[in-house]
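Report on one structure; see the data block that follows.
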Amino acid sequence: NMKLKNRYYLLRYALLLIPLFSPVFSNGSVVKHPPLPPQNPTAIDPRQAVGTTDSLQRIKFLLQQNEEKEALQLALNLLKKASLKKDSVLIETSSFLIGQIFSKSKNYEKSLEYYKKSYSLAKKNSKPKYLLNLEIIIGTIYSKIKQPDSATIYYQKVINNTISSPEIELIRSRAYSNLSGLPILKGDLLHAQLNALNALEIQEKYNNALSTAMALNNLASVYLEQKRFADAKRVYFEALELIKNIDNESSLSLKEAIYDNLSWVLFQLKDYRTYIYQEKSFRIRDSLRNEELSGILATIEGRYNAENIKKKEQLKTAEEKREKEHAQNINNILIVISLSLLIGGWLIYRYLKLRQKNLTLELKQQQLIQQNNLEQLQN
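Be aware that the sequence shown starts at 13, since it is given in this note's numbering, and climbs by one per residue.
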């Protein structure tokens with residue numbers, strides 16, 4: 013029983029954290045980068061980077077294709093150029109993207125370094141909405157690396173912001189939701205409950221089903237810790253009712269955690285349905301893992317194909333080189349043979365000429381001898 017409780021506790025805590033490498037919040041708002049020049053997305057091939065805007069699009073394209081290594085190299089080059097030009101907006105944007113890349117590869121310490129670099133510039137250049145979203149992301153990373161006090165500081169920055177607008181309030185509710193899990197670690201259930209209720213109050217005002225369900229899940233988790241099992245059961249079912257017709261990845265992850273927690277609550281209440289909900293949780297978890305595994309296999313396959321193509325090109329190049337060297341060797345041999353024939357022909361020619369000259373001299377000598385003999389006879 014204790015093992016089961018520890019497992020749902022970890023799942024619940026993980027659920028409180030917003031996605032690090034896909035900064036889209038459950039209210040539908042998206043983390044926006046600092047303003048960039050207008051760009052028609054269909055005007056260029058995202059695989060070809062020419063200018064700054066093209067490079068940013070290519071980095072995002074590579075991230076979508078799970079090509080983190082190439083995306084990181086391009087982003088670091090972009091950051092270097094921005095630093096040389098002292099372009100603070102581009103430094104902020106490229107640092108943010110590098111933070112995303114490291115988050116996706118679960119290198120949270122490096123991610124935090126670049127997110128905070130982006131944050132230090134965002135405080136001077138960016139709009140409040142972007143800044144608040146970035147504070148939530150940084151708080152989330154601190155939670156991931158088990159530094160709840162630092163996480164609390166950044167969540168509290170969002171909560172203490174005095175700007176009043178629907179967008180800002182929804183971001184503030186995310187801070188309350190994330191913050192509600194941290195006091196549980198310290199056993200401060202009263203503060204956990206207050207934060208969960210604050211988040212729920214804001215979410216219900218704007219009638220967002222998924223975000224409200226997340227807030228309800230956090231509240232029910234507090235009730236569970238307080239051993240208020242009947243209240244926890246009621247709130248978990250309320251959360252499930254809100255998202256029963258939503259089937260995106262965020263909703264499935266939430267359902268999986270709720271089913272798991274609910275199975276523990278029902279077990280405590282001696283409700284026979286405990287195993288039904290536990291089975292539902294396992295099925296969703298398996299499907300999510302299969303999806304993740306498919307993505308990993310697709311990435312491996314893509315890299316294998318790329319390496320295969322590269323090896324084939326290398327073999328082709330080596331074969332072409334061998335053929336070229338072979339042809340060159342044949343040419344060299346032909347040249348040597350040709351030169352040998354020319355030299356041999358010239359030597360033969362010289363030999364024949366010398367022999368002809370010698371024969372001519374011998375003939376003249378014979379003629380002179382015969383003429384000399386005739387003259388002696390006449391005398």
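Every residue gets a Cβ at the ideal spot worked out from N, C-alpha and C, and that includes glycine.
Computed from a predicted model, the values in this text were never measured in an experiment.
Handout entry: Rounded straight-line distance, which links the Cα of LEU74 to that of ILE56
Key = The count along the sequence shown starts at 1 and reaches residue 56 at position 44. The count along the sequence shown starts at 1 and reaches residue 74 at position 62. Summary for ILE56: the model assigns pLDDT 34, below 50, so the residue's position carries little reliability; its value from the coordinates is reported in the next sentence. Each residue's alpha carbon lies about 15 Å from the other.
Exercise for the section: Taking ALA232 and TYR248 to be in contact with their CB atoms under 8 Å, please state how far apart those CB atoms are, rounded to whole angstroms. Expected result: Locating residue 232 in the sequence shown gives position 220, counting from the first residue. Locating residue 248 in the sequence shown gives position 236, counting from the first residue. Confirmed, Cβ separation roughly 5 Å.
Handout entry: Nearest-angstrom beta carbon gap, ILE255 and ALA211 [assumed within contact, 8 Å]
Key = Position 199 of the sequence shown, counting from 1, holds the residue named residue 211. Position 243 of the sequence shown, counting from 1, holds the residue named residue 255. Their Cβ separation, rounded to whole angstroms, is 16 Å, which puts ALA211 and ILE255 out of contact at 8 Å.
Problem - DSSP state of LEU281 mapped onto helix, strand, coil - result: For the purposes of this step, residue 281 is identified with residue 269 of the sequence shown, where counting begins at 1. Here LEU281 sits in coil by DSSP.
Practice task
Under 6 Å Cβ to Cβ from LYS44, same chain only, skipping five residues before and after it: list those, please.
Solution key: Translated into positions along the sequence shown, residue 44 becomes position 32. Because the pLDDT of LYS44 is 34, which lies under 50, any placement of that residue in the model is unreliable, and the question is left without a value.
Handout entry: Spatial neighbours of LEU202 in its chain, beta-carbon cut-off 6 Å, leaving aside the 5 residues before and after
Key = Position 190 of the sequence shown, counted from the first residue, corresponds to residue 202. Counting only Cβ-Cβ distances below 6 Å, and skipping sequence neighbours, we find nothing.
Exercise for the section: Would you check if the distance between the CB atom of ILE270 and the CB atom of ASN229 is smaller than 9 Å? Expected result: Within the sequence shown, residue 270 is the residue found at index 258, counting from 1. Within the sequence shown, residue 229 is the residue found at index 217, counting from 1. Yes.
Practice task
Could you tell me the distance, in whole angstroms, from the CA atom of LEU88 to the CA atom of VAL170?
Solution key: Here residue 88 corresponds to residue number 76 of the sequence shown, with the count starting at 1. Here residue 170 corresponds to residue number 158 of the sequence shown, with the count starting at 1. Distance between the alpha carbons of LEU88 and VAL170: 29 Å.
Practice task
Leaving out five residues on either side along the sequence, give the residues of the same chain with a beta carbon under 7 Å from the beta carbon of LYS72.
Solution key: Within the sequence shown, numbered from 1, the residue matching residue 72 stands at position 60. Taken in chain order, the list of residues that qualify is empty.
Handout entry: Beta-carbon proximity list for LEU191, same chain, < 6 Å, skipping 5 on both sides
Key = The count along the sequence shown starts at 1 and reaches residue 191 at position 179. In its chain, beyond the 5 residues on either side, TYR167, ASN207 have a beta carbon closer than 6 Å to the beta carbon of LEU191.
Handout entry: Limits of the alpha helix (DSSP H) - the one that ILE113 falls within
Key = Counting from one through the sequence shown, the residue named residue 113 turns up at place 101. Counting along the chain, the alpha helix (DSSP H) containing ILE113 begins and ends at 100-116.
Exercise for the section: Can you grab the Cα-Cα spacing for the pair VAL277 / LYS245, in whole Å? Expected result: As a working mapping, residue 277 is identified with position 265 in the sequence shown. As a working mapping, residue 245 is identified with position 233 in the sequence shown. Taking the straight line joining both Cα atoms gives about 6 Å.
Problem - ILE360 classed as buried or exposed, judged by whether at least 16 other C-beta atoms fall within 10 angstroms - result: On the sequence shown, residue 360 is found 348 positions in, with the first residue counted as 1. Per the 10 Å Cβ criterion, exposed.
Exercise for the section: Look at the alpha carbon of LEU364 and the alpha carbon of GLN326, and state the distance between them as a whole number of angstroms. Expected result: Numbered from its first residue, the sequence shown carries residue 364 at position 352. Numbered from its first residue, the sequence shown carries residue 326 at position 314. Spanning the two alpha carbons is a distance of roughly 56 Å.
Exercise for the section: Measure the C-alpha to C-alpha separation of SER189 and LEU96 and round it to an integer number of angstroms. Expected result: Locating residue 189 in the sequence shown gives position 177, counting from the first residue. Locating residue 96 in the sequence shown gives position 84, counting from the first residue. Those two C-alpha atoms are separated by around 40 Å.
Problem - Three-state secondary structure (DSSP) of SER177 - result: Position 165 of the sequence shown, counted from the start, is the residue given in the question as residue 177. For SER177, the three-state secondary structure derived from DSSP is coil.
Problem - The alpha helix (DSSP H) enclosing ARG12, as first and last residue numbers - result: Residue 12 is absent from the structure shown; the chain starts at 13 and stops at 391.
Practice task
Specify whether the region 151-166 and the region 176-184 touch according to this definition: at least 3 beta carbon pairs, one from each stretch, less than 8 Å apart.
Solution key: no
Practice task
Would you mind sorting THR372 into buried or exposed? The rule is 16 or more other CB atoms within 10 Å of its CB.
Solution key: Taking the sequence shown and counting its residues from 1, one reaches residue 372 at position 360. Its Cβ having fewer than 16 others within 10 Å, THR372 is exposed.
Practice task
Could you check the C-alpha separation between LYS158 and LYS118 for me, to the nearest Å?
Solution key: As a working note, residue 158 is residue 146 in the sequence shown. As a working note, residue 118 is residue 106 in the sequence shown. C-alpha separation (whole angstroms): 14 Å.
Problem - Backbone CA spacing between GLU337 and GLU331 [nearest angstrom] - result: For the purposes of this step, residue 337 is identified with residue 325 of the sequence shown, where counting begins at 1. For the purposes of this step, residue 331 is identified with residue 319 of the sequence shown, where counting begins at 1. A straight-line Cα-Cα distance of about 10 Å links GLU337 and GLU331.
Practice task
Label SER352 either buried or exposed according to how many other C-beta atoms from any shown protein chain fall within 10 Å of its C-beta, with 16 as the threshold for buried.
Solution key: Along the sequence shown, read from residue 1 onward, the residue named residue 352 stands at position 340. Label assigned to SER352: exposed.
Handout entry: Limits of the alpha helix (DSSP H) - the one that ASP161 falls within
Key = Residue 161 sits at position 149 when you count from the first residue of the sequence shown. Unbroken alpha helix (DSSP H) run through ASP161: 160-172.
Problem - Per-residue DSSP class, three states only, for GLU121 - result: Taking the first residue of the sequence shown as position 1, residue 121 is located at position 109. GLU121 falls in the helix class under three-state DSSP.
Handout entry: Cutoff 8 Å; reference ARG184; Cβ partners in own chain excluding five residues on either side
Key = Here the question's residue 184 lines up with position 172 in the sequence shown. The answer, listed in chain order, is LEU144, VAL170, ILE171, ASN173, ILE214.
Exercise for the section: Evaluate contact between the region 236-245 and the region 256-269, counting only Cβ atoms and requiring at least three cross-stretch pairs below 8 Å. Expected result: no
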